[in-house]
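Participant: Offset between the sequence shown (1-based) and the numbering used here: plus 55. Just so it is clear, CB atoms sit at the ideal spot from N, CA and C, and this is done for glycine as well. Just so it is clear, the structure is predicted and the values come from calculations on it, not from any experiment. Structure in C-alpha cells, see below.
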Amino acid sequence: MEDTALKIDLHDKIDHADKNQLKELYGLIVNYFNSSESVEEWDLLSESQKKLLNKSLEQADAGLGTPLKEINQRLRAKYGLNG
Numbered sequence: 056m057e058d059t060a061l062k063i064d065l066h067d068k069i070d071h072a073d074k075n076q077l078k079e080l081y082g083l084i085v086n087y088f089n090s091s092e093s094v095e096e097w098d099l100l101s102e103s104q105k106k107l108l109n110k111s112l113e114q115a116d117a118g119l120g121t122p123l124k125e126i127n128q129r130l131r132a133k134y135g136l137n138g
C-alpha cells in the first residue's frame, strides 16, 4: 500500500472510532512515538522504582514468587469465577 493510501485508511479508521477506541489509539500512537526515542524505559524510572523492581527480581529468583496460574486459581475460587 502506498503512503497516501495508508494515510487515507488510517484517517478513515480514526474518524469511525468510538470514544474508547480513540483514546486507546491515541495512547498507542503517543507511546509509539515516545518509544522511538533512544531513551530506555529503565532510565525514566525513579531510584525507588528501580530498587523495588530489583528487589522483586531477587525475590523471584529466590523462589519467593507465586506463579500466575496459582494466583488466577485462587482468585477464581475466592470470587466464584469460571474460566
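#1: Compute the beta-carbon to beta-carbon distance between residue 80 and residue 69, rounded to the nearest angstrom, for a pair I have assumed lies under 8 Å.
#2: Rounded to a whole number of angstroms, what is the C-alpha to C-alpha distance between residue 88 and residue 95?
#3: In whole angstroms, give me the CA-to-CA distance for residue 85 and residue 57.
#4: Reducing DSSP to helix, strand and coil, say where residue 125 ends up.
#5: Any heavy atom of the ligand NAD closer than 7 Å to the Cβ of residue 80?
#6: Closest by CA to residue 120, which one among 74, 83, 111?
#7: Tell whether a beta-carbon distance below 8 Å holds between residue 136 and residue 130.
#8: Alpha helix (DSSP H) containing residue 113: first to last residue?
Facilitator: In short, the structure shows the following:
#1: To locate residue 80, count along the sequence shown from 1; it is residue 25. To locate residue 69, count along the sequence shown from 1; it is residue 14. Going by Cβ atoms, the distance from residue 80 to residue 69 rounds to 6 Å, so yes, they are a contact pair.
#2: Taking the first residue of the sequence shown as 1, we reach residue 88 at position 33. Taking the first residue of the sequence shown as 1, we reach residue 95 at position 40. About 13 Å.
#3: Within the sequence shown, residue 85 is the residue found at index 30, counting from 1. Within the sequence shown, residue 57 is the residue found at index 2, counting from 1. Taking the straight line from one Cα to the other gives about 23 Å.
#4: Counting from 1 along the sequence shown, the entry for residue 125 is found at position 70. DSSP places residue 125 in helix when its eight states are reduced to three.
#5: Ligands displayed in this structure: none; no statement on the ligand NAD is therefore possible.
#6: Taking the sequence shown and counting its residues from 1, one reaches residue 120 at position 65. For the residues 74, 83, 111, the minimum Cα distance to residue 120 belongs to 111.
#7: Your numbering for residue 136 matches position 81 in the sequence shown. Your numbering for residue 130 matches position 75 in the sequence shown. Contact flag set, yes.
#8: In the sequence shown, residue 113 corresponds to position 58, counting from 1. Here the alpha helix (DSSP H) through residue 113 covers 102-116.
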